[in-house]
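A.B. asks:
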Amino acid sequence: MSSSTFKLSIAILLFTLINSCKKEDSVIQRRIYDSFLPMQVGNLWYANKENYTEIQDSVLIGSHLFYKFYSLIGGDAVDISYMRIDDNGKLIASDPEYPTPRIIRADFKAKLGEKFFTTGNGDDTDQEVTVTEKSDNKMSFSFDPIYHPNLKGHPFVITYIKGQGFPGNWTKLRINGVVLK
Numbered sequence: 064m065s066s067s068t069f070k071l072s073i074a075i076l077l078f079t080l081i082n083s084c085k086k087e088d089s090v091i092q093r094r095i096y097d098s099f100l101p102m103q104v105g106n107l108w109y110a111n112k113e114n115y116t117e118i119q120d121s122v123l124i125g126s127h128l129f130y131k132f133y134s135l136i137g138g139d140a141v142d143i144s145y146m147r148i149d150d151n152g153k154l155i156a157s158d159p160e161y162p163t164p165r166i167i168r169a170d171f172k173a174k175l176g177e178k179f180f181t182t183g184n185g186d187d188t189d190q191e192v193t194v195t196e197k198s199d200n201k202m203s204f205s206f207d208p209i210y211h212p213n214l215k216g217h218p219f220v221i222t223y224i225k226g227q228g229f230p231g232n233w234t235k236l237r238i239n240g241v242v243l244k
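Set out below in structure tokens:
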């Protein structure tokens, strides 16, 4: 094989690899942006210096990629959550220190009125979740801790906005590298 033929073959191979990678990346990015909870390191939902959530990192838990959500609430309370959306549209939470329990926090493919459980264990930490609102741009889930003796019958609602994630009057909002506010 001549030197010019070899170089041409390498150039074609590189071109093919680069194009296939670009197509795959654009599919992944579109899927993330179309999500009810876009997940990318750097995403920020900021009300003020005392109340915000930021995706700070990504980590492997088991063999799955999870995103680290860091929230400061009221200036002194910190919540760290590790979440991912699986291939079935379920928002799954886990923890690197305790990887076995997987909690379903949302099911974005569920229908209006559909019910599911956060753990399915039937213990006092398990919650019955009902899809209470579903449109092309918004989904709401009502969580009722039906197995907890004191909290049963006192549901709370969590809502997600497509392409934005958490609703709110954000003073800064950055999603997938784009500053929206």
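Quick note on the numbering used here: the sequence shown kicks off at 64 and runs consecutively. The beta-carbon is built from N, C-alpha and C at its ideal position, and this holds for glycine as well. Remember, it's a predicted structure, so these values are computed and weren't measured experimentally.
Check whether the segment 95-112 touches the segment 222-230, taking contact to mean three or more Cβ pairs, one atom from each stretch, closer than 8 Å.
C.D. replies: yes
A.B. asks: Of the residues 236, 167, 156 and 208, which one's Cα is nearest the Cα of residue 107?
C.D. replies: Within the sequence shown, numbered from 1, the residue matching residue 107 stands at position 44. That would be 236, whose Cα lies nearest to the Cα of residue 107.
A.B. asks: Just to confirm the assignment, what range does the beta strand (DSSP E) spanning residue 116 have?
C.D. replies: By 1-based counting over the sequence shown, the position of residue 116 is 53. Per DSSP, the unbroken beta strand (DSSP E) holding residue 116 starts and ends at 114-124.
A.B. asks: From which residue to which residue does the beta strand (DSSP E) around residue 205 run?
C.D. replies: For this step, residue 205 is matched to residue 142 along the sequence shown. Here the beta strand (DSSP E) through residue 205 covers 201-207.
A.B. asks: May I have the straight-line CA-CA distance separating residue 209 from residue 140, to the nearest angstrom?
C.D. replies: Reading the sequence shown from its first residue, position 146 is the one you call residue 209. Reading the sequence shown from its first residue, position 77 is the one you call residue 140. Cα to Cα, the separation comes out at about 27 Å.
A.B. asks: Given this structure, state the Cα-to-Cα distance separating residue 166 from residue 157, to the nearest angstrom.
C.D. replies: For the purposes of this step, residue 166 is taken as the residue at position 103 of the sequence shown. For the purposes of this step, residue 157 is taken as the residue at position 94 of the sequence shown. Cα to Cα, the separation comes out at about 7 Å.
A.B. asks: Can you give me the C-alpha to C-alpha distance between residue 132 and residue 147, rounded to a whole angstrom?
C.D. replies: As a first step, residue 132 is located in the sequence shown; it is residue number 69 there, counting from the start. As a first step, residue 147 is located in the sequence shown; it is residue number 84 there, counting from the start. Spanning the two alpha carbons is a distance of roughly 10 Å.
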